[in-house]
Amino acid sequence: ETTRGPIEIARAGTGPAVLLVHGTPGSWRQAVGLAEDLGDEFEVLLPSRPGYGATPLSTGLTAEEQADAYVAALDELEISDVAVVGISGGAPSAAEFAAHYGERTRALVLACPVAKHLMPLQRSWIVQLGIPGLAEVAFFLGRLRAKRRINDPSAVEGSEVVIKRVPELVPQDVAQNAHY
345 ETTRGPIEIA RAGTGPAVLL VHGTPGSWRQ AVGLAEDLGD EFEVLLPSRP
395 GYGATPLSTG LTAEEQADAY VAALDELEIS DVAVVGISGG APSAAEFAAH
445 YGERTRALVL ACPVAKHLMP LQRSWIVQLG IPGLAEVAFF LGRLRAKRRI
495 NDPSAVEGSE VVIKRVPELV PQDVAQNAHY
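As numbered in this note's numbering, residues 345 to 524 make up the sequence shown, in order.
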């Protein structure tokens, strides 16, 4: 239990902390393979995002609220800072974490990120998704809208990408050859 509500979180490994935020759908189990790869050198934290696994949706409806929930979990675990990895649907909340809690963010990695600005989610929609059958219709309509926005070049104007490179997490030869 945290100040933001219950959060299911698995931990593995030792060393500097890495927060792996799973995609959609899924739970903390989605990133177990990556956690196993990192566990020899890092303490890996695998939360289930609100609405997945054993974390109730009420813990965080929006990406911003989910970022706040991650901070509450880190506070509970007495972890001061993390490298954050957002996978697919976990990317918006990972990016919000880095944007709002820069002092607690050592690095931000977004793997196959869902573009938050292309798929806006209204709080009222989330409440209505509790109505039987409405979720399927809403997701179908959301996909149609997202396809239109993805095909519209003006939808991505003004977007910014911010990358923090951390030497401990990025091998030097990879960092030198990366294109930012």
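Beta carbons: idealized from backbone N, C-alpha and C, even for Gly.
Integer Cβ distance of residue i from residue j, believed to fall under 8 Å
i	j	result
Thr449	Val429	Actually they are not in contact, since the Cβ atoms of Thr449 and Val429 sit about 11 Å apart, beyond 8 Å.
Thr403	Gly349	4 Å
Ser432	Val458	6 Å
Leu452	Ala439	7 Å
CB of residue i within 8 Å of CB of residue j, strictly
i	j	result
Gly388	Gly357	Note on residue identity: the sequence assigns Val, not Gly, to residue 388. Result yes, Cβ atoms of Val388 and Gly357 sit closer than 8 Å.
Trp372	Glu352	yes
Ala455	Thr346	no
Proximal residues to residue i (C-beta, below 8 Å), its chain only, five neighbours per side dropped
i	result
Ala379	Ala354, Ala356, Gly357, Leu364, Val388 and Leu390
Glu447	Asp425
Pro400	Gly349, Pro350 and Pro394
Gln374	His366, Gly367 and Ile431
Exposure of residue i, with buried meaning 16 or more beta-carbon neighbours within 10 Å
i	result
Ser424	exposed
Pro394	buried
Gly397	buried
Asp412	buried
Leu382	buried
Gly434	buried
Val362	buried
Glu501	Here the model assigns Glu501 a pLDDT of 44, short of 50, so the residue's position is not dependable and the matter cannot be decided.
Beta-bridge partners of residue i, as assigned by DSSP
i	result
Val376	DSSP output for Val376 lists no bridge partner at all.
Ala455	Ile431
Ala356	Val388
Val365	Gly430
Thr449	Val426
Gly349	Thr346
Close Cβ partners of residue i (< 6 Å) along its chain, the five nearest in sequence each way excluded
i	result
Gly359	Glu385, Phe386 and Glu387
Ser503	Its pLDDT being 39, under 50, Ser503 is placed unreliably by the model, and nothing is read from it.
Val376	none
7 Å Cβ shell around residue i - same chain, five flanking residues per side excluded
i	result
Gly370	Tyr396
Glu409	none
Glu420	Thr346
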